[in-house]
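S.K.:
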Amino acid sequence: MSTNNFSLVNTIQNNVEPLTFGWVDYFLFVTMLCVSAVVGTYFGFFSKKQDTTTEYLLGGKTMSYLPVALSITASHLSGITLLGVPAESYRYGTQYAACIFTTFITGLVTSYVFLPVFYKLQLTSSFKYLEVRFSRSVRQFASVIFILNLILHTPIVVYGPALAFAQVTGFNLHYIALIIGLVCIFYTAVGGLKAVVWTDTIQFTVTVITLFTVLILGIISIGGFREIWRISEEGGRIIFFDMNPSPFVRTSFWGVSIGLTTTWISCIGISQNSLQRFLSVPSLSDARITIWIMCAGIIVVKGISVYTGLIMYSKYHDCDPIVTNTVSQPDQILPYYVMDIAGRIPGLPGLFLAALVSSALSSMSSALNTVAGTIWEDFISRWVPESETKEQTATRVMKATVVVLGMLCVALVLVAEQLGDIFTMSASMTGVTSGTTLGLFTLGMLVPWASNKGTIIGGIIGTTVSAWIVMGAQIHKINKNIRYDPLPTSTDNCPHTLNATYWTQPTLPPVKPEDEPMILFTVSFLYYSLVGYVTVVICGIIASYIIGVPDPKDLDRDHFSPLIHRFLPREKYADVRMTLIPTIPINPDKEKEAMQ
Numbered sequence: 041m042s043t044n045n046f047s048l049v050n051t052i053q054n055n056v057e058p059l060t061f062g063w064v065d066y067f068l069f070v071t072m073l074c075v076s077a078v079v080g081t082y083f084g085f086f087s088k089k090q091d092t093t094t095e096y097l098l099g100g101k102t103m104s105y106l107p108v109a110l111s112i113t114a115s116h117l118s119g120i121t122l123l124g125v126p127a128e129s130y131r132y133g134t135q136y137a138a139c140i141f142t143t144f145i146t147g148l149v150t151s152y153v154f155l156p157v158f159y160k161l162q163l164t165s166s167f168k169y170l171e172v173r174f175s176r177s178v179r180q181f182a183s184v185i186f187i188l189n190l191i192l193h194t195p196i197v198v199y200g201p202a203l204a205f206a207q208v209t210g211f212n213l214h215y216i217a218l219i220i221g222l223v224c225i226f227y228t229a230v231g232g233l234k235a236v237v238w239t240d241t242i243q244f245t246v247t248v249i250t251l252f253t254v255l256i257l258g259i260i261s262i263g264g265f266r267e268i269w270r271i272s273e274e275g276g277r278i279i280f281f282d283m284n285p286s287p288f289v290r291t292s293f294w295g296v297s298i299g300l301t302t303t304w305i306s307c308i309g310i311s312q313n314s315l316q317r318f319l320s321v322p323s324l325s326d327a328r329i330t331i332w333i334m335c336a337g338i339i340v341v342k343g344i345s346v347y348t349g350l351i352m353y354s355k356y357h358d359c360d361p362i363v364t365n366t367v368s369q370p371d372q373i374l375p376y377y378v379m380d381i382a383g384r385i386p387g388l389p390g391l392f393l394a395a396l397v398s399s400a401l402s403s404m405s406s407a408l409n410t411v412a413g414t415i416w417e418d419f420i421s422r423w424v425p426e427s428e429t430k431e432q433t434a435t436r437v438m439k440a441t442v443v444v445l446g447m448l449c450v451a452l453v454l455v456a457e458q459l460g461d462i463f464t465m466s467a468s469m470t471g472v473t474s475g476t477t478l479g480l481f482t483l484g485m486l487v488p489w490a491s492n493k494g495t496i497i498g499g500i501i502g503t504t505v506s507a508w509i510v511m512g513a514q515i516h517k518i519n520k521n522i523r524y525d526p527l528p529t530s531t532d533n534c535p536h537t538l539n540a541t542y543w544t545q546p547t548l549p550p551v552k553p554e555d556e557p558m559i560l561f562t563v564s565f566l567y568y569s570l571v572g573y574v575t576v577v578i579c580g581i582i583a584s585y586i587i588g589v590p591d592p593k594d595l596d597r598d599h600f601s602p603l604i605h606r607f608l609p610r611e612k613y614a615d616v617r618m619t620l621i622p623t624i625p626i627n628p629d630k631e632k633e634a635m636q
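Quick note on numbering: my numbering labels position 94 of the sequence shown as 134, and the sequence is numbered without any gaps.
1. Which same chain residues, not among the five before or five after Asp615, have their C-beta less than 7 Å away from its C-beta?
2. Is Thr482 closer than 9 Å to Ser165 when the C-beta atoms are compared?
3. How would you write the range of the alpha helix (DSSP H) that Gln432 sits in, first residue to last?
4. Work out the CA separation of Val64 and Pro386 for me, nearest whole Å.
5. Taking the alpha helix (DSSP H) that Ala583 belongs to, which residues open and close that run?
6. In whole angstroms, what is the alpha-carbon distance linking Leu454 and Val346?
7. Short check: CB of Gly221 to CB of Val442, under 9 Å?
8. What's the gap between the Cα of Val577 and the Cα of Gly479?
9. Three-state secondary structure (DSSP) at Asp371?
10. Thinking just about the alpha-carbon of each residue, which of Pro287, Leu213, Phe293 is nearest to the one in Thr142?
11. For the alpha helix (DSSP H) containing Lys168, list its first residue and its last residue.
12. Look at the alpha carbon of Cys579 and the alpha carbon of Ile344, and state the distance between them as a whole number of angstroms.
13. Which residues bound the alpha helix (DSSP H) around Leu483?
14. Go through its chain and collect everything with a Cβ distance to Met485's Cβ below 6 Å, but skip five positions before and after it.
15. In chain order, what residues of the same chain lie with their CB nearer than 6 Å to the CB of Tyr573, ignoring the 5 residues before and after it?
16. Using the beta-carbon count (16 or more within 10 Å), is Ala583 buried or exposed?
17. Do Phe318 and Val108 come within 9 Å of each other at the CB atom, strictly closer than that value?
18. Where in the segment 382 to 423 do unbroken runs of the alpha helix (DSSP H), each at least 4 residues long, occur, reported from the N-terminal end onward?
19. Would you tell me roughly how many angstroms separate the C-alpha atoms of Arg384 and Asn533, rounded to the nearest one?
20. Helix, strand or coil: which one does DSSP assign to His357?
21. Taking the beta carbon of Leu527 as the centre, do at least 16 other beta carbons fall within 10 Å, making it buried, or is it exposed?
22. Looking only at C-alpha atoms, which of Phe463, Gln432, Lys430 sits nearest to Gln369?
23. What are the boundary residues of the alpha helix (DSSP H) that Gln312 is part of?
24. For Ala540, collect the residues of the same chain with a Cβ closer than 8 Å to its Cβ; drop the 5 residues on either side in sequence, then sort them by chain order.
25. Please classify Glu554: does DSSP put it in a helix, a strand, or coil?
26. Please determine, among Ala138, Leu570, Arg270, Ala490, the residue with the shortest C-alpha to C-alpha distance to Pro592.
27. Between Gly299 and Thr503, what straight-line distance do the alpha-carbon atoms span, to the nearest angstrom?
28. By the DSSP assignment, the alpha helix (DSSP H) with Arg266 in it spans what residues?
29. Tell me the residue span of the alpha helix (DSSP H) that contains Arg176.
30. Residues in its own chain within less than 6 Å of Cys456 by CB, not counting five upstream and five downstream?
31. How many angstroms separate the CA atom of Lys355 from the CA atom of Asn284?
32. Pairing CB atoms from the segment 179 to 189 with CB atoms from the segment 514 to 527, are three or more of them under 8 Å?
33. Helix, strand or coil for Glu457 per DSSP?
34. Taking its Cβ as the centre, do 16 or more other Cβ atoms sit within 10 Å of Val505, making it buried, or is it exposed?
35. Look at the alpha carbon of Ile249 and the alpha carbon of Ser314, and state the distance between them as a whole number of angstroms.
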């Protein structure tokens with residue numbers, strides 16, 4: 041776009057009434073942050089003390105399944121969902137709605153493959169399983185992968201809501217990220233798991249109420265469900281069953297329902313984050329109820345988010361705020377839309393933004409609480425001598441870990457803002473580690489012949505392949521050698537007298553033959569985790585056979601999923617030497633007395 045065209049755009053934008061917060065919005069936003077801090081203060085100083093690892097990490101194993109389910113749901117539904125999914129639906133259509141199948145598959149696999157093993161062993165750390173099944177080296181390798189995932193993913197979680205707040209207030213994004221991070225660090229470090237679970241529950245409730253309110257206002261503003269569906273269908277946004285089997289298309293039914301399933305099982309089914317909550321309820325049946333409540337919550341919120349994208353398209357299909365540079369980034373279109381339709385209702389925009397920030401607080405607090413326990417259990421605990429004060433030392437170390445890693449994640453927001461839209465960015469960064477982690481647990485619970493060294497070799501190869509593909513793809517995307525053009529929009533009815541061609545984005549030149557990316561770099565970001573997972577499992581099995589498989593008789597059935605117990609050797613019984621017991625003469629008179 042030429043300089044003259046940009047000046048014309050700016051002239052038009054200067055005549056548009058700015059959409060900004062009022063004092064009621066600020067009040068509700070600040071109130072939400074204060075509620076989170078107060079909950080952490082209560083559980084840290086006034087409730088039962090969080091001075092043992094069981095209390096700090098598992099809430100004393102007395103939690104109810106409903107708040108735990110809402111906590112897991114809230115942790116999973118971060119600003120990436122609330123901001124990224126509507127923007128995805130707005131720009132690329134509704135194919136992401138196939139995540140309904142992803143949710144059901146994740147729930148089933150978690151409930152009947154992985155959870156029974158974890159609950160049987162009752163381990164504080166999910167990575168402890170890898171130690172009892174293989175060795176401590178496998179456990180520590182998986183822990184490092186998990187910590188790397190936290191460092192890669194959490195800055196994106198914080199970046200999304202901070203970007204939204206910057207859109208509607210004009211405040212500096214970096215200051216906003218710092219404030220969000222400090223509040224989260226405080227209540228997570230002070231209050232432990234109970235504070236995390238209850239703040240997650242409050243935040244999730246606010247988020248759902250706000251989403252429904254915005255949804256209803258949007259439907260009314262467009263003219264009803266039929267009108268939204270008509271406009272979206274005419275604009276090519278209704279895409280539910282794109283059955284293209286190619287792994288190189290950006291999104292398809294298979295990419296969402298299969299590729300994304302690998303990521304979700306890794307993030308929910310075997311992650312330390314979720315395991316802490318599953319084990320905080322009293323029984324396995326309660327844990328399974330927790331899973332299905334969580335699945336229902338995910339489906340509801342994901343469905344609302346996809347439909348919100350259709351509402352936004354219906355409203356802006358003939359005057360796209362992205363093309364006209366009314367918003368600087370695609371992820372800012374949702375807060376712009378909320379301010380547009382609800383800006384005249386005092387407090388609603390503030391409540392909506394509070395919901396976005398709450399989602400970031402929820403995800404970040406869960407991650408920090410979990411990784412603090414992982415670092416203590418896997419790297420520090422065995423070096424601290426047993427004593428009466430070891431539990432208090434553990435709590436202090438975990439709180440300090442929360443502070444240090446929390447500040448690191450806030451600092452890395454500076455990097456996250458350079459990597460593109462948050463939906464694609466999140467899937468890409470998670471793809472580096474989630475497939476590897478799931479592959480390690482699959483080898484442990486479903487492959488009896490997997491060995492210690494074979495599993496480590498598979499994990500290293502899987503991580504290397506995933507990181508290489510993701511990094512290569514990101515470099516080519518930055519250089520515009522890999523492009524995913526959004527579905528078309530129009531500017532025909534924008535409020536100006538200029539020809540619509542002034543609003544058209546410049547057309548990029550074709551990619552030069554020497555700049556063409558390697559074919560593996562063009563794999564859809566939805567398949568990154570699946571590629572890593574398959575690599576770990578296949579390489580782990582091959583390496584185990586080359587190095588030497590373990591003796592099946594030495595395996596513990598409790599280490600394997602109930603699904604494969606029938607293929608394992610039966611329980612071993614100790615041989616008992618048979619000896620003759622000498623007979624003792626019986627006195628007939630005494631025998632008669634005994635019978636009487």
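Where a beta carbon is used, it is the ideal one built from N, C-alpha and C, also for glycine.
M.R.: With the given structure in hand:
1. In this prediction, Asp615 has a pLDDT of 48, which is less than 50 and means its spatial position is unreliable; nothing more can be read from the coordinates.
2. Between Ser165 and Thr482, the CB-CB gap reaches or exceeds 9 Å.
3. First-last of the alpha helix (DSSP H) with Gln432: 430 to 451.
4. Cα to Cα, Pro386 sits roughly 6 Å from Val64.
5. Membership of Ala583 in the alpha helix (DSSP H) is indicated by the continuous run 568 to 587.
6. Looking at the backbone, the Cα of Leu454 and that of Val346 are separated by about 28 Å.
7. With contacts defined by Cβ atoms closer than 9 Å, Gly221 and Val442 do not form a contacting pair.
8. Straight-line Cα distance between these residues: approximately 5 Å.
9. In this structure, Asp371 counts as helix in the three-state DSSP scheme.
10. The shortest Cα separation from Thr142 among Pro287, Leu213, Phe293 belongs to Phe293.
11. Here the alpha helix (DSSP H) through Lys168 covers 166 to 173.
12. Rounded to the nearest angstrom, the gap between the Cα atoms of Cys579 and Ile344 is 40 Å.
13. Where Leu483 is concerned, the enclosing alpha helix (DSSP H) stretches over 474 to 486.
14. Closer than 6 Å at Cβ, skipping near neighbours: Val157, Phe600, Ser601.
15. Contacts found: Thr302, Gly475, Leu478, Gly479.
16. Buried, since its Cβ has 16 or more Cβ neighbours within 10 Å.
17. If you check the CB distance, Val108 and Phe318 come in under 9 Å.
18. Runs of the alpha helix (DSSP H) inside the segment 382 to 423: 388 to 415.
19. When rounded, the distance between both Cα atoms is 23 Å.
20. Here His357 sits in coil by DSSP.
21. In the assembly as shown, Leu527 is an exposed residue. Its beta-carbon has fewer than 16 other beta-carbons within 10 Å.
22. Out of Phe463, Gln432, Lys430, the CA that lies nearest to the CA of Gln369 is found in Phe463.
23. Counting along the chain, the alpha helix (DSSP H) containing Gln312 begins and ends at 312 to 318.
24. Because Ala540 sits at a pLDDT of 47, beneath the cut-off of 50, its placement in the model cannot be relied upon, and the following sentence gives the value as read from the coordinates. Ser530, Thr531, Asp532, Cys534, listed in sequence order.
25. Three-state DSSP puts Glu554 in a helix.
26. Per the Cα distances, Ala490.
27. C-alpha separation (whole angstroms): 17 Å.
28. That run of the alpha helix (DSSP H) goes 265 to 274.
29. Counting along the chain, the alpha helix (DSSP H) containing Arg176 begins and ends at 176 to 209.
30. For the sequence presented, residue 456 should be read as Ala rather than Cys. If the five residues before and after Ala456 are omitted, its C-beta is found closer than 6 Å to the C-beta atoms of Pro195, Ile196, Tyr199, all from its own chain and listed in chain order.
31. Rounded to the nearest angstrom, the two C-alpha atoms are 30 Å apart.
32. Contact between the segment 179 to 189 and the segment 514 to 527 is absent, because fewer than three Cβ pairs lie under 8 Å.
33. DSSP places Glu457 in the coil class of the three-state scheme, outside both helix and strand.
34. Classification for Val505: buried.
35. Whole-angstrom Cα-Cα distance: 24 Å.
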